[in-house]
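> Once you know that position 884 of the sequence shown is 884 in UniProt numbering, the rest is easy, because the numbers rise by one and skip nothing. All C-beta atoms in this analysis are idealised placements derived from N, C-alpha and C, irrespective of residue type, glycine included. I'd like to ask some things about the structure below.
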Amino acid sequence: MNIVVVESPAKAKTINKYLGPGYEVLASFGHIRDLPAKDGSVDPDANFRMIWEVDERAQKRINDIARAVKSADKLILATDPDREGEAISWHVLEVLKEKKALKDQEIERVVFNAITKQAVSEAMKNPRKIDHALVDAYLARRALDYLVGFTLSPVLWRKLPGARSAGRVQSVALRLVCDRELEIEKFITREYWSLVATLATPRNETFEARLVGADGKKIQRLDIGTGQEAEDFKKALETAAFKVASVEAKPARRNPPPPFTTSTLQQEASRKLGFAPAHTMRIAQRLYEGIDIGGETVGLITYMRTDGIDMAPEAITGIRSMIGKNYGKDYVPDAPRRYQNKSKNAQEAHEAIRPTEASRTPRDVKGSLDSDQARLYELIWNRAVASQMQSAELERTTVDIEAKVASRLLELRATGQVIKFDGFLTLYQEGQDDDTDDEDGKRLPAMSQGEPLKKESISATQHFTEPPPRFTEASLVKRMEELGIGRPSTYASILAVLKDRGYTRLDKKRLVPEDKGRLVVAFLESFFQKYVEYDFTASLEEQLDRISANELEWHKFLRDFWDDFIAAVGDIKDLRITQVLDALNELLGPHVFPKREDGGEPRQCPNCGEGQLSLKVGRFGAFVGCSRYPECRYTRQLAPSSNGGDSATRVLGQDPETGLDVSVRGGRFGPYVQLGEGSKEEKPKRAGLPKGMTPDDIDLEKALGLLSLPRDVGKDPESGEMITAGIGRFGSYVKLGKTYANLEPGDDVLNIGLNRAVALIADKKLNPGKSRRFGADPGRSLGDHPDKGGPIIVKNGRYGAYVSHDGVNATLPADKTPDNITLEEAVGLIDARIAAGGGSKKKKAAPKAAKGEMADRPAAKAKKAAKTASAEKGEAIAKPKPAARKTKSKASGSAAKSKSVSRPPVAKPEPKRKVAN
Numbered sequence: 001m002n003i004v005v006v007e008s009p010a011k012a013k014t015i016n017k018y019l020g021p022g023y024e025v026l027a028s029f030g031h032i033r034d035l036p037a038k039d040g041s042v043d044p045d046a047n048f049r050m051i052w053e054v055d056e057r058a059q060k061r062i063n064d065i066a067r068a069v070k071s072a073d074k075l076i077l078a079t080d081p082d083r084e085g086e087a088i089s090w091h092v093l094e095v096l097k098e099k100k101a102l103k104d105q106e107i108e109r110v111v112f113n114a115i116t117k118q119a120v121s122e123a124m125k126n127p128r129k130i131d132h133a134l135v136d137a138y139l140a141r142r143a144l145d146y147l148v149g150f151t152l153s154p155v156l157w158r159k160l161p162g163a164r165s166a167g168r169v170q171s172v173a174l175r176l177v178c179d180r181e182l183e184i185e186k187f188i189t190r191e192y193w194s195l196v197a198t199l200a201t202p203r204n205e206t207f208e209a210r211l212v213g214a215d216g217k218k219i220q221r222l223d224i225g226t227g228q229e230a231e232d233f234k235k236a237l238e239t240a241a242f243k244v245a246s247v248e249a250k251p252a253r254r255n256p257p258p259p260f261t262t263s264t265l266q267q268e269a270s271r272k273l274g275f276a277p278a279h280t281m282r283i284a285q286r287l288y289e290g291i292d293i294g295g296e297t298v299g300l301i302t303y304m305r306t307d308g309i310d311m312a313p314e315a316i317t318g319i320r321s322m323i324g325k326n327y328g329k330d331y332v333p334d335a336p337r338r339y340q341n342k343s344k345n346a347q348e349a350h351e352a353i354r355p356t357e358a359s360r361t362p363r364d365v366k367g368s369l370d371s372d373q374a375r376l377y378e379l380i381w382n383r384a385v386a387s388q389m390q391s392a393e394l395e396r397t398t399v400d401i402e403a404k405v406a407s408r409l410l411e412l413r414a415t416g417q418v419i420k421f422d423g424f425l426t427l428y429q430e431g432q433d434d435d436t437d438d439e440d441g442k443r444l445p446a447m448s449q450g451e452p453l454k455k456e457s458i459s460a461t462q463h464f465t466e467p468p469p470r471f472t473e474a475s476l477v478k479r480m481e482e483l484g485i486g487r488p489s490t491y492a493s494i495l496a497v498l499k500d501r502g503y504t505r506l507d508k509k510r511l512v513p514e515d516k517g518r519l520v521v522a523f524l525e526s527f528f529q530k531y532v533e534y535d536f537t538a539s540l541e542e543q544l545d546r547i548s549a550n551e552l553e554w555h556k557f558l559r560d561f562w563d564d565f566i567a568a569v570g571d572i573k574d575l576r577i578t579q580v581l582d583a584l585n586e587l588l589g590p591h592v593f594p595k596r597e598d599g600g601e602p603r604q605c606p607n608c609g610e611g612q613l614s615l616k617v618g619r620f621g622a623f624v625g626c627s628r629y630p631e632c633r634y635t636r637q638l639a640p641s642s643n644g645g646d647s648a649t650r651v652l653g654q655d656p657e658t659g660l661d662v663s664v665r666g667g668r669f670g671p672y673v674q675l676g677e678g679s680k681e682e683k684p685k686r687a688g689l690p691k692g693m694t695p696d697d698i699d700l701e702k703a704l705g706l707l708s709l710p711r712d713v714g715k716d717p718e719s720g721e722m723i724t725a726g727i728g729r730f731g732s733y734v735k736l737g738k739t740y741a742n743l744e745p746g747d748d749v750l751n752i753g754l755n756r757a758v759a760l761i762a763d764k765k766l767n768p769g770k771s772r773r774f775g776a777d778p779g780r781s782l783g784d785h786p787d788k789g790g791p792i793i794v795k796n797g798r799y800g801a802y803v804s805h806d807g808v809n810a811t812l813p814a815d816k817t818p819d820n821i822t823l824e825e826a827v828g829l830i831d832a833r834i835a836a837g838g839g840s841k842k843k844k845a846a847p848k849a850a851k852g853e854m855a856d857r858p859a860a861k862a863k864k865a866a867k868t869a870s871a872e873k874g875e876a877i878a879k880p881k882p883a884a885r886k887t888k889s890k891a892s893g894s895a896a897k898s899k900s901v902s903r904p905p906v907a908k909p910e911p912k913r914k915v916a917n
């Protein structure tokens, strides 16, 4: 028997069918071990020795593999054909050696670029050994990321409370988002005008031409800067005589784009299908591993983590044959197209992403796929086939027009394009980002030089320059690829981690940096500038590629990096918080202290007029406060809040009873209303805003209503007790006695009536479990995890909605609710949470009683009953004395722990670890 090890059970099931008897295919479910998430897992002083720990959930799987291997003739490691896949195979092999499961078995490594019968059979004929250069590159990357995270994050926590952590590549990606936001804030809008004439030929065919010159001078886009200038040109054009000065038609060709790489697939799926990169990769994984089609599991696409853009010769031959059959010989180029791969990365030297069989059209497989799978497969199929089709033939026409009036000569231009032969455009046209202009003009009517033209209308249109657009997920991936940051397998997880840590959010499909994200980047740019530079990060990627090509020794690479990095960390350990805040005030000035409408000093306190505003840090993060604290208690959030309201203080009017100012403000925990300013002895009265209400919605009447909460709604018809309404820890509510009922969407805490309040309370009494006050939300099942099994549950928690699987919790993004989240989206959130090192592990279940213990259970129950009865009678029950506390020394590298137990402690076996040099 031969044992084959792959990553996923879906892949194992498919390959098992292809190999048949004599083979048993087992799944490792991805990585089986990792570096423990604590200090000391990588030791730079011991030549970067790495301590590995087998994951609890992987223990059973690795035991199953070990048992099977002991009686096997051969072990075949068939994990994915990239650096991570090579590492998984290495980890499996190392653990099996540690377990002494290997004796004389032959060990082979095979890779499949596609999960088809032919590809699997061919791979089995060409086994190789583990590529230790790829493993070394993996070890170097893993150690590098660990050392940066575990060295830099504690510094960040001490100097910038509220920040979560700083990853090596994630921090650079976050800097891209934050730098773009800073560009937007610094952008100064300029006014400009355009003039367009609608003209007609002698045959009454109309077209548009734009003013491009006047009196021998060219007019650029921003040259007409005022309405008066535009009006002068318009008056001149209204009385001008128009004629064709020249007509130029140039033939042009447009070549098809190459087939997809990981990056271009993520970009195009985002633009055309609206898929997040993580969602795209999940669907592509399923298409690669195999889909049940007509009772047979078939891999529909080749491996989806690649930088390669060429295809195998047999695939090109199949596609060209299919094109000739389905589209005609005119659509087949004379010679096959070969695309040159610009990537230097040996790790990803694979084929492009393509269908495994070009003859398997999207229409043929549509019935076997769900909607998203069908759409992504069609996108991949269209792009791959189009890449081998004939170029499109175009004709681009430029018509220059003279407009004479008095002694002036004005010049206009019209452009157009005609498709003479559509070529690959019959099947595929590349998508454009929202911020990309399509320069292709419309088709123009036939014209000849000297032909007179008639004026139909003249329009002068005002425009304003716009700042560069925020990144979409697609455009950020594109930019990262251009800069050489990250690798195909990391793009999706980088974006997911930034959102999961609360550093960015998606707003209308654009990435917006949150305040905590901007603070992290500003801190790193101020004190670790080298390590968030784009060129430096790209150079690290190039060195990792050199390691994978066996051109650089990985220990030396880590030593060179570590010596400089730890010195930089040491340089800022003694910095005072005030020094850090001064640097951040300077760097984030345009964001934190925007220009005032009255032209005053941006950092002058609007409350006392004497103090200076500055960044301050508290237990829950950074905020802006006055330098005269505690005399002046003015505070606000860093910048305008995400709901669009202004976070600065806005006075709404005066309270008619006290004469004090009533204001709406932005605080660290969200917007609120406040009465007066308070004093050292007495804090001012405050009230938070109900869910769904923004500072812009607040007027004096609503603010006074909120400050008067809780309010009496009316007496309960049955009990006669007063029902009150207010805003509490979990939102707006109505209350009768000790019964709280949360208000539902559409209910207004300021105006809710007695009948509605009675109904909510009655419903609450009938269904007490509806509220978190009476127990956790049981949630609802979305279905079983497709790879790991077990249900995925969506719940409403104390801090918002989340999905949960096997002890791992992942918060829902802002655009998702428990009602509209899908199983695949939930799987992506869970996977991203695990990839980020997050989530909590389930508590171990109590061990089952042995057979000999079964007889003791009735006695135990009787003892418990007697104990309860004694307690009810008031008898004293002697409690066993707790055991002495045990404390781990700091030298162990773990935090000290204390336990109090009532019985002799039972030693738990340590998880098995492996030290790698």
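I51 by DSSP, collapsed to three states: which one?
DSSP places I51 in strand when its eight states are reduced to three.
> Report the start-end ranges of each beta strand (DSSP E) in the UniProt domain "Toprim" (1-111) that is 3 residues or longer and not cut off at the edges.
Those beta strand (DSSP E) runs which fall completely within the UniProt domain "Toprim" (1-111) and span 3+ residues are 2-6, 23-27, 49-54, 74-77, 106-109.
> Look up G828 in the DSSP assignment and say whether it is helix, strand or coil.
G828 falls in the helix class under three-state DSSP.
> List the whole-angstrom C-beta distance separating V592 from L638, where the pair is believed to meet the contact cut-off of C-beta under 8 Å.
Yes, they are in contact, since the Cβ atoms of V592 and L638 sit about 5 Å apart, within 8 Å.
> For Y377, collect the residues of the same chain with a Cβ closer than 8 Å to its Cβ; drop the 5 residues on either side in sequence, then sort them by chain order.
Excluding positions up to five away in sequence, the list reads L287, L300, I301, P355, P362, V365, L369.
> I'd like to know whether the C-beta atoms of R109 and I130 end up nearer to each other than 8 Å.
Yes, these two residues count as a Cβ contact at 8 Å.
> Strictly by DSSP, which residues pair up with C605?
Answer is none; C605 lacks a bridge partner.
> Would you say V4 and I65 are within 8 Å of each other, going by their C-beta atoms?
Result no, Cβ atoms of V4 and I65 do not sit closer than 8 Å.
> Mind listing, in chain order, the continuous beta strand (DSSP E) runs of no fewer than 3 residues lying wholly within the stretch 195-240?
Runs found: 206-214.
> Three or more beta-carbon pairs under 8 Å between the stretch 526-543 and the stretch 116-129, yes or no?
No: fewer than three Cβ pairs fall under 8 Å.
> Below 8 Å CB to CB, which residues in the same chain sit around V196 once its five sequence neighbours on both sides are set aside?
The residues are E208, A209, R210, L211, I458, S459, T461.
> For R61 and I32, which I take to be in contact (beta-carbon distance under 8 Å), what is that distance rounded to the nearest angstrom?
R61 to I32, Cβ: 7 Å. Contact.
> Quick one: any contact between the stretch 546-553 and the stretch 132-141, if contact means 3 or more CB pairs under 8 Å?
With the cut-off at 8 Å, the stretch 546-553 and the stretch 132-141 touch.
> Just reading off the alpha helix (DSSP H) that D582 is part of, what are its end residues?
First-last of the alpha helix (DSSP H) with D582: 577-587.
> Applying the 10 Å Cβ sphere with the 16-neighbour rule, what's the burial state of M322?
Looking at its Cβ environment, which holds 16 or more other Cβ atoms inside 10 Å, M322 is buried.
> Taking the CB atoms as reference points, tell me whether L379 and L273 lie closer together than 8 Å.
Yes, Cβ-Cβ distance for L379 and L273 is below 8 Å.
> Since A10 contacts R271 with CB under 8 Å, what's their CB separation in whole angstroms?
Actually they are not in contact, since the Cβ atoms of A10 and R271 sit about 28 Å apart, beyond 8 Å.
> Counting along the chain, where does the beta strand (DSSP E) carrying A403 start and finish?
It spans 392-405 - the beta strand (DSSP E) in which A403 sits, taken as one unbroken run.
> In the DSSP assignment, find the alpha helix (DSSP H) that holds E268 and state where it starts and stops.
Looking at the DSSP string, the run of the alpha helix (DSSP H) that includes E268 is 262-273.
> Quick check: the Cα distance between G20 and A27, rounded to an integer number of angstroms?
Each residue's Cα considered, the two are about 16 Å apart.
> Could you tell me the alpha carbon to alpha carbon distance between P818 and A759, rounded to whole angstroms?
Rounded to whole angstroms, P818 to A759 spans 25 Å at the Cα level.
> Within the same chain, show all residues whose beta-carbon is closer than 7 Å to that of T14, passing over the 5 residues directly before and after it, in chain order.
For T14, where only same-chain residues beyond five positions count, the Cβ hits under 7 Å are I115, E289, G290, T297, G299.
> Taking the DSSP output, what are the residues bridged to G800?
DSSP lists G797 as partners of G800.
> DSSP beta-bridge partners for D661?
Per DSSP, Q654.
> Determine the direct distance from the alpha carbon of M693 to that of V624, and round the result to whole angstroms.
Whole-angstrom Cα-Cα distance: 23 Å.
> Just checking my contact of M311 with A249 at CB under 8 Å: how many whole Å lie between their CB atoms?
The Cβ separation is near 36 Å, so there is no contact.
> Per DSSP, S459 is paired with what?
V196, per the DSSP bridge assignment.
> Using beta-carbon positions only, say whether P488 and T261 come within less than 8 Å of one another.
It is a contact, given that the beta carbons lie within the stated cut-off.
> For W90 and K100, I'd like the C-alpha separation in whole angstroms.
Cα to Cα, W90 sits roughly 15 Å from K100.
> Given K455, which residues of its chain have a CB within under 7 Å of its CB, disregarding the five upstream and five downstream residues?
Excluding residues within five positions, the ones whose Cβ falls inside 7 Å are A197, L199, F242.
> What do you reckon, are the CB atoms on I319 and V385 nearer than 8 Å?
It is a contact, given that the beta carbons lie within the stated cut-off.
> Apart from the five residues just before and just after G216, which ones in its own chain have a Cβ nearer than 8 Å to its Cβ?
These residues qualify, in order along the chain: L409.
> Identify whether Q637 lies in helix, strand or coil by the three-state DSSP scheme.
In the structure shown, Q637 sits in coil (DSSP, three-state: anything other than H, G, I, E or B).
> Could you check the C-alpha separation between G227 and P671 for me, to the nearest Å?
Approximately 41 Å, taken between the alpha carbons.
> Would you say the stretch 324-336 touches the stretch 395-413, given that touching needs at least three Cβ pairs under 8 Å?
With a cut-off of 8 Å, the stretch 395-413 and the stretch 324-336 do not count as touching, because too few Cβ pairs lie within range.
> Would you check whether the ligand FAD has a heavy atom nearer than 7 Å to the C-beta of L174?
With respect to small molecules bound, the structure shown includes none, and the ligand FAD cannot be examined in it.
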